[in-house]
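In terms of full-length UniProt numbering, the numbers along the sequence shown are unbroken and rise by one, the last being 358.
The beta-carbon is built from N, C-alpha and C at its ideal position, and this holds for glycine as well.
Here is the structure we will look at, set down as structure tokens.
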Amino acid sequence: MYGSRLLKLINHSKPLNVGGSSPRPSSHLLLYRIRTMTSTRDVSGQSDISKLKTDSDGSFKRSPSSFRNFIKNDGKFPPEKGRYHLYVSYSCPWATRTLIARKLKGLEDFIPFSAVSPHMGAQGWPFKNADPSWADADNDPEHPNFQHVKDLYLLADPNYGGRFTVPVLWDKKLDTVVNNESSEIIRIFNTAFNHLLPADKGAIDIYPEAHRQEIDSINEWVYDTVNNGVYKSGFAQSQSAYENAVYPLFKSLDRLEEMLKGKDYLVGDTLTEADIRLFVTTIRFDPVYVGHFKCNLRDIRHGYPNIYLWMRKLYWNNDAFRLSTKFDHIKEHYYWSQTMVNPSRVVAAGPVPDIEPL
Ligand SMILES: N[C@@H](CCC(=O)N[C@@H](CS)C(=O)NCC(=O)O)C(=O)O
1 MYGSRLLKLI NHSKPLNVGG SSPRPSSHLL LYRIRTMTST RDVSGQSDIS KLKTDSDGSF
61 KRSPSSFRNF IKNDGKFPPE KGRYHLYVSY SCPWATRTLI ARKLKGLEDF IPFSAVSPHM
121 GAQGWPFKNA DPSWADADND PEHPNFQHVK DLYLLADPNY GGRFTVPVLW DKKLDTVVNN
181 ESSEIIRIFN TAFNHLLPAD KGAIDIYPEA HRQEIDSINE WVYDTVNNGV YKSGFAQSQS
241 AYENAVYPLF KSLDRLEEML KGKDYLVGDT LTEADIRLFV TTIRFDPVYV GHFKCNLRDI
301 RHGYPNIYLW MRKLYWNNDA FRLSTKFDHI KEHYYWSQTM VNPSRVVAAG PVPDIEPL
């Protein structure tokens with residue numbers, strides 16, 4: 001009771017510095033200490049992927065995301081330049097969806113981002129200061145003393161009981177998570193800032209009204225059998241759980257191969273979120289999922305020429321896709337972090353190259 005009143009007081013008395021570049025370490029530290037004062041619980045079950053539990057039949061179930069707010073006029077989170085910050089890992093397919101959408105929509109100046117180290121260990125995703133061994137990572141410019149993504153979640157809600165996942169869309173003004181569900185963050189990016197963007201960027205629509213039904217229906221089975229299907233296959237702890245994931249995965253890839261025959265985009269002849277959502281999985285397929293997740297009935301480059309051509313065109317012809325893809329982060333993350341799948345942490349050498357030219 002006392003804690004929550006104190007918290008309100010602090011929240012209201014905090015100086016507003018939206019869009020400002022100078023961090024406020026001391027006020028953040030104070031706020032963090034107060035918000036987490038009562039919380040001494042062990043959160044290692046939430047942060048340590050090697051402690052991840054499967055169901056009793058050995059199958060992996062992904063938990064739903066917890067923070068589901070939208071940025072909208074007249075809401076708690078209104079669209080404002082510089083107010084929001086995005087936390088990502090280049091290795092993570094869900095986070096990469098948001099990087100691609102951010103760049104496609106020209107939101108670089110509106111929403112800065114920080115990328116963590118790919119070494120997701122017992123404490124979860126580390127910022128650079130917690131893992132100096134990986135040069136290409138950022139510290140948290142908003143909370144320079146923070147070591148891990150979990151610190152953000154515990155600042156937003158000391159009682160948070162979910163996993164400390166990326167992406168995180170953060171509100172600097174209220175010092176809290178706006179949304180941690182990538183499928184919603186890309187829809188926020190698609191519309192929320194349009195009136196503030198130059199006309200050409202504002203007009204880009206990755207979820208066009210005319211194609212929504214088709215996009216939604218593709219998303220549904222692609223999410224279940226492909227995006228999440230590779231994880232269900234790789235994290236399976238029984239033969240039957242593995243087979244229940246891996247066969248539907250390849251059935252869906254066969255279906256996508258047919259759909260992409262002679263086409264540059266999945267839906268109509270325009271780039272939509274359905275392409276973004278499929279791309280982030282197929283680009284990781286040969287470098288990681290074939291070996292590490294045992295998704296090896298076929299690979300993309302030899303087994304699926306239409307998918308491979310569609311993917312290479314997106315990668316080589318569109319900066320939003322290429323610059324959001326870092327193969328070193330991708331390979332290091334999966335092979336190093338998921339010790340329940342790869343206890344030696346040895347990172348596979350191939351394929352070479354990561355992706356072939358067009
Ligand atoms: N539903 C979330 C899933 C995000 C997610 O699972 N991210 C993974 C990385 S690929 C993560 O951060 N996992 C950390 C953990 O589970 O401890 C989304 O799409 O945004």
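Proximity test, residue i beta-carbon vs ligand 1 heavy atom, cut-off 6 Å
i, result
"Arg163", "yes"
"Glu80", "no"
"Ile49", "yes"
"Trp94", "yes"
"Glu273", "no"
"Val166", "yes"
"Glu181", "yes"
"Ser337", "no"
"Ser65", "yes"
For residue i: DSSP bridge partner residues
i, result
"Pro126", "His148"
"Arg298", "None, per the DSSP bridge assignment."
"Arg83", "In DSSP, Arg83 forms no bridge with anything."
"Thr176", "Asp171"
"Arg102", "Paired residues: none, contrary to the question."
"Val230", "In DSSP, Val230 forms no bridge with anything."
"Val88", "Ala115"
"Gly121", "Gly124"
"Arg68", "Asn179"
Residue i: CB within 6 Å of a non-hydrogen atom of ligand 2
i, result
"Phe77", "Ligands displayed in this structure: ligand 1; ligand 2 is not among them."
Stretch-stretch touch, CB-based, cutoff 8 Å, three pairs: the segment 114 to 130 with the segment 138 to 148: yes
Segments assigned alpha helix (DSSP H), at least 4 residues, entirely inside the segment 319 to 356: 319 to 322 and 327 to 337
Segment contact, 8 Å Cβ cut-off, at least three pairs: the segment 215 to 229 with the segment 38 to 54: no
Within the segment 262 to 310, ranges of the alpha helix (DSSP H) (whole runs, at least 4 residues): List check, alpha helix (DSSP H) in window: 273 to 284 and 300 to 303.
The segment 176 to 192 touching the segment 67 to 79, judged by at least three CB pairs closer than 8 Å: Of all C-beta pairs linking the segment 176 to 192 to the segment 67 to 79, three or more are shorter than 8 Å, placing the two stretches in contact.
Cβ contact check for the segment 327 to 338 and the segment 90 to 102: 3 or more pairs under 8 Å: Taking 8 Å as the limit for Cβ pairs, the verdict is that the segment 90 to 102 does touch the segment 327 to 338.
At least three beta-carbon pairs within less than 8 Å, the segment 226 to 236 to the segment 285 to 294: As far as the Cβ criterion goes, the segment 226 to 236 touches the segment 285 to 294, which means the pair count is three or higher.
Cβ contact check for the segment 271 to 286 and the segment 97 to 111: 3 or more pairs under 8 Å: yes
The segment 163 to 175 in contact with the segment 115 to 125 per 3-pair CB rule at 8 Å: By the Cβ criterion, the segment 163 to 175 is in contact with the segment 115 to 125, since at least three pairs of Cβ atoms, one from each stretch, lie closer than 8 Å.
Three-pair Cβ contact test at 8 Å for the segment 266 to 273 versus the segment 195 to 210: yes
Segments assigned beta strand (DSSP E), at least 3 residues, entirely inside the UniProt region "Disordered" (42 to 62): none
Sufficient close CB pairs (3 or more, under 8 Å) joining the segment 238 to 256 to the segment 296 to 303: yes
Any 3 or more C-beta pairs closer than 8 Å across the segment 178 to 185 and the segment 57 to 74: yes
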